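Participant: Chains P and F, in that order, give the protein sequences. The first sequence begins at 1 in UniProt numbering and counts up one residue at a time. The second sequence begins at 1 in UniProt numbering and counts up one residue at a time. In this text, a Cβ means the ideal position worked out from N, Cα and C, and glycines have one as well. The structure displayed is predicted, hence computed values, not measured ones. My questions will all concern the structure given below.
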Amino acid sequence: MGSSAKSSSPITTHVLNTGDGVPAARVALSLHHLDPRMAIWSLITIGNTNEDGRCPGLITSDAFTPGLYKIRFETGQYWESLGQSSFYPYVEIVFTISDADQSCHVPLLVSKYSYSTYRGSQ
Amino acid sequence: MNRLQHIRSHMLADKNMNIATTLPSPLTTHVLNTAQGVPGGNMTISLHRLNPISSEWYLLTTGITNDDGRCPGLITKESFIAGVYKMHFETGKYWDALGETCFYPYVEVIFTITDPSQKYHVPLLLSRFSYSTYRGS
């Protein structure tokens with residue numbers, strides 16, 4: 001995880017297990033940024049959600065520039081660790097940041113057979 | 001030529017459509033524009049299958065949702081084998097055509113088919129700043 005202070009990452013996430021009504025803890029995830037010149041994804045951070053389903057320190061303010069970002073959530077592995085199977089091996093959410101002065105909250109509400117996301121504030 | 005051949009020759013002329021069989025596709029989708037309460041019509045979508053050996057995505061079908069937000073003929077029963085599939089929705093272009101921006105330039109839903117004898121429905125409920133999907137029938 002990045003070394004930035006927990007409260008300062010301008011991109012945050014929150015993973016909720018809506019099937020069981022609990023935060024989804026220990027979900028591996030990664031944040032990527034699309035290099036516009038080379039049209040390839042570069043890895044910014046990998047981490048795991050904590051007991052509250054959050055993953056602080058995803059990106060520093062300095063590194064946070066406008067562009068396309070992607071968060072990949074290893075939801076298949078998460079359900080496997082609970083001894084269950086899921087329709088989705090993983091979830092990727094691709095989003096556009098046009099104004100890097102605003103922070104951006106990208107939560108994931110996930111069950112074995114559904115998921116949803118929205119743009120929020122922390 | 002017989003009627004089926006006649007229909008197929010029309011469909012082959014449209015590069016974006018695979019040959020639709022008379023049987024319904026075992027995999028279907030439905031795009032809903034939840035912000036405006038209408039079907040998500042005229043959205044470009046594509047279906048891909050993961051090659052487990054090369055880990056590359058193989059494009060199976062491209063299509064455009066109709067006025068009801070559906071895209072019949074996504075895949076034939078014969079082609080529908082067990083594996084990992086990806087449905088790609090051009091959500092950014094969809095909202096752009098409506099004169100709006102969207103937080104999501106595109107949406108990809110990756111899912112696992114373990115039993116291809118079943119029917120699978122992979123809808124997308126979409127607004128400019130949110131989306132959801134579920135496994136339906």
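1. Check whether the Cβ atoms of Pro-10 (chain P) and Phe-64 (chain P) sit closer than 8 angstroms, and answer yes or no.
2. Cα-Cα, which of F:Tyr-131, F:Thr-133, F:Ser-25 and F:Arg-135 is closest to Thr-76 (chain F)?
3. What residues of chain P sit near Pro-72 (chain F), judged by a beta carbon separation below 8 angstroms?
4. Taking the alpha helix (DSSP H) that Asp-96 (chain F) belongs to, which residues open and close that run?
5. Label His-48 (chain F) either buried or exposed according to how many other C-beta atoms from any shown protein chain fall within 10 Å of its C-beta, with 16 as the threshold for buried.
6. For Ala-28 (chain P), which beta-bridge partners are listed by DSSP?
7. Per DSSP, which one or two residues make a beta bridge with Lys-70 (chain P)?
8. Would you say the region 110-122 of chain P touches the region 29-40 of chain P, given that touching needs at least three Cβ pairs under 8 angstroms?
9. Ser-3 (chain P) CB to nearest chain F CB: under 8 angstroms?
10. Does the Cβ-Cβ distance between Ile-64 (chain F) and Lys-86 (chain F) come in under 8 angstroms?
11. Show which residues of chain F have a CB atom less than 8 angstroms away from the CB atom of Glu-92 (chain P).
12. Let me make sure I understand the geometry here. Which of F:Ile-45, F:Pro-39, F:Thr-114 and F:Ser-132 has the alpha-carbon closest to that of Thr-62 (chain F)?
13. Since Gly-76 (chain P) is in the alpha helix (DSSP H), which residue starts that stretch and which ends it?
14. Using a cut-off of 8 angstroms between C-beta atoms, extract the partners of Pro-116 (chain F) located in chain P.
15. Can you pull the chain P neighbours of Phe-103 (chain F), defined as C-beta to C-beta under 7 angstroms?
16. Which residue wins for smallest C-alpha separation from Tyr-115 (chain P), given the options F:Tyr-94, F:Ser-132 and F:Leu-50?
17. Compare the C-beta of Phe-129 (chain F) with all C-beta atoms of chain P and state if any pair is closer than 8 angstroms.
18. Would Leu-27 (chain F) pass as a contact of Val-122 (chain F) if the rule is Cβ separation under 8 angstroms?
19. Among the candidates P:Leu-108, P:Asn-50 and P:Phe-87, whose CA atom is the shortest distance from the CA of Val-94 (chain P)?
20. With a threshold of 7 angstroms on Cβ separation, who are the neighbours of Leu-23 (chain F) within its own chain once the five nearest residues in sequence on each side are excluded?
21. Kindly indicate if chain P contains any beta-carbon less than 8 angstroms away from that of Arg-49 (chain F).
22. Using the Cβ count rule (16 or more neighbours within 10 Å means buried), how would you classify Met-43 (chain F)?
Facilitator: Taking the structure as given:
1. Contact: yes.
2. Put simply, of F:Tyr-131, F:Thr-133, F:Ser-25 and F:Arg-135 the residue whose alpha carbon is nearest the alpha carbon of Thr-76 (chain F) is F:Ser-25.
3. Listed along the chain, the chain P residues whose CB falls inside 8 angstroms of the CB of Pro-72 (chain F) amount to none; the nearest CB is some 22 angstroms away.
4. 91-97 is the span of the alpha helix (DSSP H), which, as asked, contains Asp-96 (chain F).
5. Under this definition His-48 (chain F) is a buried residue.
6. Looking at the DSSP assignment, Ala-28 (chain P) forms a beta bridge with P:Asn-48.
7. P:His-32 and P:Val-94, per the DSSP bridge assignment.
8. No contact exists between the region 110-122 of chain P and the region 29-40 of chain P.
9. Confidence in Ser-3 (chain P) is poor, its pLDDT being 46 and thus under 50, which makes the residue's placement unreliable; the coordinate value appears in the next sentence. It does not; no Cβ of chain F falls within 8 angstroms.
10. Result no, Cβ atoms of Ile-64 (chain F) and Lys-86 (chain F) do not sit closer than 8 angstroms.
11. Contacts between Glu-92 (chain P) and chain F, judged by CB atoms closer than 8 angstroms, involve Glu-108 and Ile-110 in chain order.
12. Among F:Ile-45, F:Pro-39, F:Thr-114 and F:Ser-132, the Cα nearest to that of Thr-62 (chain F) is on F:Ile-45.
13. Run containing Gly-76 (chain P): 75-81, per the alpha helix (DSSP H) assignment.
14. Near Pro-116 (chain F) there are no residues of chain P at all, since even the closest Cβ is about 14 angstroms away, more than 8 angstroms.
15. Near Phe-103 (chain F) (Cβ distances below 7 angstroms), the residues of chain P are Phe-95, Thr-96 and Arg-119.
16. Looking at the Cα atoms, F:Ser-132 is the closest of the given residues.
17. So yes, Phe-129 (chain F) belongs to the interface.
18. The answer is yes: Cβ separation under 8 angstroms.
19. Comparing Cα-Cα distances from Val-94 (chain P) to each of P:Leu-108, P:Asn-50 and P:Phe-87, the minimum goes to P:Leu-108.
20. Its chain contains Lys-77 as the residues whose beta carbon lies nearer than 7 angstroms to that of Leu-23 (chain F), once the 5 sequence neighbours on both sides are disregarded; these appear in chain order.
21. False, the Cβ-Cβ gap to chain P never drops below 8 angstroms.
22. Flag for Met-43 (chain F) reads buried.
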